[in-house]
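Student:
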Amino acid sequence: MEKLILEETEDTPEIILDPEEGKFKISKISVPENALDFYRPVLDWIKQYAEEPNIQTVFDFDLEYVNTASSKQIIQIILLLQKVSEKGDVKVNWYYESIDEDMRALGARYKKLVTVPFDLVEIE
Amino acid sequence: MAKESTNNLFRAAYDLFQRIGSTDFEYVYRGYFNHNITKKILILADKNVAKVTDESQSTLQKRIYYIMVEGLQNITHHQEEIANDRNFDKYPGLFAIQKSGERYFITTGNIVANDKVDELKGRLDVINSLDKENLKRYHREILTCGTISDKGGAGLGLIEMSRKSGSKLHYKFEGLDDEFTYFYLQTQLPSDDNDVADESVVHSHCSMEGLMSLHHKMKAENLQLLFNGFFNQENLLSLLAIIKSRSNMPLTTIKISNVMVEMLQNIIKHGAKAEDNNVGARGVFFLGQTGNETILTSGNIIHDDAAGVIAQRLEFVNGMTKEALSDYYDDILLDFDSTDAKKTGLGFTDLRIKSDRPLKYEFQPLDGGGTFYLLQTAIKTTK
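Those protein sequence lines, which keep their order, are chains X and Y.
Heads up, the first sequence is in this note's numbering, so the first residue is 604 and it goes up one at a time.
Heads up, the second sequence is in this note's numbering, so the first residue is 5 and it goes up one at a time.
#1: Just how far apart, CA to CA, sit residue 169 (chain Y) and residue 273 (chain Y)?
#2: 8 Å is my cut-off, CB to CB: does residue 678 (chain X) come that close to chain Y?
#3: Does DSSP classify residue 182 (chain Y) as helix, strand or coil?
#4: Using CA coordinates, which residue listed in Y:222, Y:298 and Y:159 is at the minimum distance from residue 259 (chain Y)?
#5: Going by Cα to Cα distance, which pick from Y:132, Y:159 and Y:133 is closest to residue 145 (chain Y)?
#6: Check for me: the beta strand (DSSP E) holding residue 4 (chain Y) runs from which residue to which?
#7: Counting Cβ pairs closer than 8 Å, one from the stretch 613-623 of chain X and one from the stretch 633-645 of chain X, do we hit at least three?
#8: When the distance is taken between beta carbons, is residue 266 (chain Y) closer than 8 Å to residue 355 (chain Y)?
#9: Does the stretch 209-218 of chain Y come into contact with the stretch 177-194 of chain Y, if we say contact requires no fewer than three beta-carbon pairs (one atom in each stretch) closer than 8 Å?
#10: Starting from residue 725 (chain X), trace the beta strand (DSSP E) in both directions and tell me its first and last residue.
#11: What's the C-alpha gap between residue 629 (chain X) and residue 665 (chain X)?
#12: May I ask which residues mark the beginning and end of the alpha helix (DSSP H) holding residue 116 (chain Y)?
#13: Since residue 185 (chain Y) and residue 115 (chain Y) are thought to touch, with beta carbons under 8 Å apart, how far apart are those beta carbons, to the nearest angstrom?
#14: In angstroms with no decimal places, state the Cα-to-Cα distance between residue 28 (chain Y) and residue 20 (chain Y).
#15: What's the C-alpha gap between residue 360 (chain Y) and residue 668 (chain X)?
#16: Applying the criterion that 16 or more other CB atoms from any shown protein chain within 10 Å of the CB defines a buried residue, is residue 223 (chain Y) buried or exposed?
#17: Kindly list the residues whose CB is nearer than 6 Å to the CB of residue 104 (chain Y), restricted to its own chain and excluding five residues on each side of it in sequence; keep chain order.
#18: How about residue 358 (chain Y): is its C-beta nearer than 8 Å to some C-beta of chain X?
#19: Where residue 325 (chain Y) and residue 712 (chain X) are concerned, what is the direct C-alpha to C-alpha distance, given to the nearest angstrom?
#20: How long is the line joining the alpha carbons of residue 155 (chain Y) and residue 349 (chain Y), rounded to whole angstroms?
#21: Report buried or exposed for residue 705 (chain X), applying the criterion of at least 16 other Cβ atoms within 10 angstroms of its Cβ.
#22: If you measure beta-carbon to beta-carbon, which residues of the stretch 261-291 of chain Y are closer than 8 Å to chain X?
#23: Which one or two residues does DSSP pair with residue 369 (chain Y) in a beta bridge?
#24: Can you confirm whether residue 718 (chain X), when its beta carbon is compared against all beta carbons of chain Y, has any partner nearer than 8 Å?
#25: Restricting to Cα atoms, I'd like to know which of X:609, X:719, X:606 and X:604 is closest to residue 679 (chain X).
#26: How about residue 695 (chain X) and residue 641 (chain X): do their beta carbons lie closer than 8 Å?
#27: Do you know how far the Cα of residue 270 (chain Y) is from the Cα of residue 672 (chain X)?
#28: Short check: CB of residue 243 (chain Y) to CB of residue 674 (chain X), under 8 Å?
#29: Say the cut is 7 Å; is the CB of residue 42 (chain Y) nearer than that to a heavy atom of the ligand SAH?
#30: Residue 258 (chain Y) versus chain A: which residues are under 9 Å apart at the beta carbon?
#31: Round the Cβ separation of residue 113 (chain Y) and residue 187 (chain Y) to the nearest angstrom and send it over; I've been treating them as touching at under 8 Å.
#32: Can you find a C-beta in chain X that's less than 8 Å from the C-beta of residue 201 (chain Y)?
#33: DSSP state of residue 202 (chain Y), grouped into three classes?
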């Protein structure tokens, strides 16, 4: 499957969805005005990937800022990863800086809402 | 105001909003200056100037930029000169850019040692007494034989500011204590040589006296950031960058940023936009500190009939315990079918969860029609 790479901008995250390299990562900042439009191609990509995923998928979230509009799109990504887990192993890593309580809390919220293996990983 | 608000910041936001024209703005930063903050302030100011000037004014835009750079460098130089940072904590620096009609006012403020005041005042008076030709000559004189300090001193920056703006350097000294004096410096562009007469009428809030009075208010309420102008995604990102550059309180900074994004994006999305500008929704935003709390205050125009729904949603989140709110948050997070229109959205829910006290709000009728919607959140400051 063709990889999907989006470079970070001032208000949107860097996105790497690369099955060949086995790298799946959303990082940096996500505060777009229109989160729906931004995440649509990402959700479409994962939907398609769920049909025939790698044996193992490790999906990393390493975000600095997330607005609420993005948080609603991110839960959809995670729910799609749950779908991926029907055909392959999936593990989600949610990275947060040790001082960032809000980011930890958001990760904990997602973890609670899904059944896919979900790790909260403190950095620094 | 229909009914005088008991909230000082709400009152101030309302007054500031009402006093400027629909294409005007005033952005004021009060606090510690470092290279990063200076850079971000420049970006914010320059982008906003660019938005309201056209191509024929590119020279003006460049001059404004130049004056801002000189002014900001002045502040950091003074900051370095005064060895003890504690003094700067006590008497923070000031940068302001105001647009009123076709005129721009750039004001800086910083402390100087009392024994330097006379020398500085002397220099300013010399510069102000010279016409264009003589200023040029004076500039060359200092360049070739003046004693130039390692900070590029000898008033070169001041001379350049005067030359680039074609304006007199307006200044004011305000005694602080037996050691320091506060030095205000203001440049006006385009050159004010020709229309000094009508100035007090049109631009009084930007004049030196107007700006000083604003600064005194900011001091009294301990405001660090005053934003009276246009809310758009670009300005939000610039503000976010400025907040982030104040690196002294990392934890609080993250919390402030998160709350600020929700507050301002709400305005960008729902705030009523004036018909005569395409720059964004007009509004006011303050960042201030009271005791151990950081207070974020916003004000913007909404349609009169929107107030009821907003009040209802705010009461809804204010009336819930944090636990109930958290459960509610999960519900909306997983509710992909409903359109945002009827339900209280994630934004308000998130704000209430992150704010350390109930959300304060108020609605005030505006003179020109529409309703001014004020919102306030608070975050406990932790080092």
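For every residue, glycine included, the Cβ atom is placed at its ideal position computed from N, Cα and C.
For clarity, every value in this text was computed on a predicted model and none was experimentally measured.
Tutor: So, from the data block:
#1: Position 165 of the second sequence, counted from the start, is the residue given in the question as residue 169 (chain Y). Position 269 of the second sequence, counted from the start, is the residue given in the question as residue 273 (chain Y). Their Cα atoms are separated by approximately 37 Å.
#2: Counting from 1 along the first sequence, the entry for residue 678 (chain X) is found at position 75. Taking Cβ atoms only, chain Y reaches closer than 8 Å to residue 678 (chain X), which makes this a yes.
#3: Here residue 182 (chain Y) refers to the residue found at position 178 of the second sequence. In the structure shown, residue 182 (chain Y) sits in coil (DSSP, three-state: anything other than H, G, I, E or B).
#4: Your numbering for residue 259 (chain Y) matches position 255 in the second sequence. Nearest of Y:222, Y:298 and Y:159 to residue 259 (chain Y), Cα basis: Y:298.
#5: The residue labelled residue 145 (chain Y) in the question sits at position 141 within the second sequence. Cα-wise, what sits closest to residue 145 (chain Y) is Y:159.
#6: Absent from the model: residue 4 (chain Y). The displayed extent of chain Y is 5 to 387, so no value can be given.
#7: yes
#8: Position 351 of the second sequence, counted from the first residue, corresponds to residue 355 (chain Y). Position 262 of the second sequence, counted from the first residue, corresponds to residue 266 (chain Y). Against a cut-off of 8 Å, the Cβ pair of residue 266 (chain Y) and residue 355 (chain Y) comes out as a contact.
#9: yes
#10: Locating residue 725 (chain X) in the first sequence gives position 122, where the first residue counts as 1. Segment 721-726, the beta strand (DSSP E) holding residue 725 (chain X).
#11: In the first sequence, counting from the first residue as 1, residue 629 (chain X) sits at position 26. In the first sequence, counting from the first residue as 1, residue 665 (chain X) sits at position 62. Using only the alpha carbons, I get a separation of about 6 Å.
#12: In the second sequence, residue 116 (chain Y) corresponds to position 112, counting from 1. Careful: residue 116 (chain Y) lies outside any alpha helix (DSSP H), inside the beta strand (DSSP E) at 107-117.
#13: Stepping through the second sequence from its first residue, residue 185 (chain Y) is reached at position 181. Stepping through the second sequence from its first residue, residue 115 (chain Y) is reached at position 111. So it is a contact: roughly 7 Å between Cβ atoms.
#14: Counting from 1 along the second sequence, the entry for residue 28 (chain Y) is found at position 24. Counting from 1 along the second sequence, the entry for residue 20 (chain Y) is found at position 16. Taking the straight line from one Cα to the other gives about 11 Å.
#15: Within the second sequence, residue 360 (chain Y) is the residue found at index 356, counting from 1. Within the first sequence, residue 668 (chain X) is the residue found at index 65, counting from 1. Distance between the alpha carbons of residue 360 (chain Y) and residue 668 (chain X): 19 Å.
#16: Stepping through the second sequence from its first residue, residue 223 (chain Y) is reached at position 219. Per the 10 Å Cβ criterion, exposed.
#17: Mapped onto the second sequence, residue 104 (chain Y) falls at position 100. Excluding sequence neighbours, residue 104 (chain Y) sits near 28, 207 and 210.
#18: Locating residue 358 (chain Y) in the second sequence gives position 354, counting from the first residue. Yes, contact with chain X.
#19: Taking the first residue of the second sequence as 1, we reach residue 325 (chain Y) at position 321. Taking the first residue of the first sequence as 1, we reach residue 712 (chain X) at position 109. Roughly 17 Å between the two C-alpha positions.
#20: The residue given as residue 155 (chain Y) occupies position 151 in the second sequence. The residue given as residue 349 (chain Y) occupies position 345 in the second sequence. Interpretation of residue 155 (chain Y) is limited by its pLDDT of 46, a score under 50 that renders its predicted location unreliable; no figure is taken from the coordinates.
#21: Along the first sequence, read from residue 1 onward, the residue named residue 705 (chain X) stands at position 102. Result: buried.
#22: 261, 262, 265, 266, 269, 272 and 273
#23: Here residue 369 (chain Y) corresponds to residue number 365 of the second sequence, with the count starting at 1. Residue 369 (chain Y) pairs with Y:375.
#24: Locating residue 718 (chain X) in the first sequence gives position 115, where the first residue counts as 1. Residue 718 (chain X) does not count as touching chain Y.
#25: Here residue 679 (chain X) refers to the residue found at position 76 of the first sequence. Looking at the Cα atoms, X:719 is the closest of the given residues.
#26: Taking the first residue of the first sequence as position 1, residue 695 (chain X) is located at position 92. Taking the first residue of the first sequence as position 1, residue 641 (chain X) is located at position 38. It is not a contact, given that the beta carbons lie outside the stated cut-off.
#27: As a first step, residue 672 (chain X) must be located in the first sequence, where it is residue number 69. As a first step, residue 270 (chain Y) must be located in the second sequence, where it is residue number 266. Using only the alpha carbons, I get a separation of about 11 Å.
#28: Within the second sequence, residue 243 (chain Y) is the residue found at index 239, counting from 1. Within the first sequence, residue 674 (chain X) is the residue found at index 71, counting from 1. Contact: no.
#29: Only the bare structure without any ligand can be found here, which leaves the ligand SAH out of the picture.
#30: In the displayed structure, chain A is absent; the protein chains listed are X and Y.
#31: Within the second sequence, residue 113 (chain Y) is the residue found at index 109, counting from 1. Within the second sequence, residue 187 (chain Y) is the residue found at index 183, counting from 1. That belief holds up - the Cβ atoms of residue 113 (chain Y) and residue 187 (chain Y) are roughly 7 Å apart, short of 8 Å.
#32: By one-based count along the second sequence, residue 201 (chain Y) stands at place 197. Its pLDDT being 44, under 50, residue 201 (chain Y) is placed unreliably in this model, and the value from its coordinates should be taken loosely. Taking Cβ atoms only, chain X never reaches closer than 8 Å to residue 201 (chain Y), which makes this a no.
#33: Here residue 202 (chain Y) is taken as the residue at index 198 of the second sequence, counted from 1. Model confidence at residue 202 (chain Y) stands at a pLDDT of 47, short of 50, so the residue's coordinates are unreliable; what they give is reported in the following sentence. Residue 202 (chain Y) falls in the helix class under three-state DSSP.
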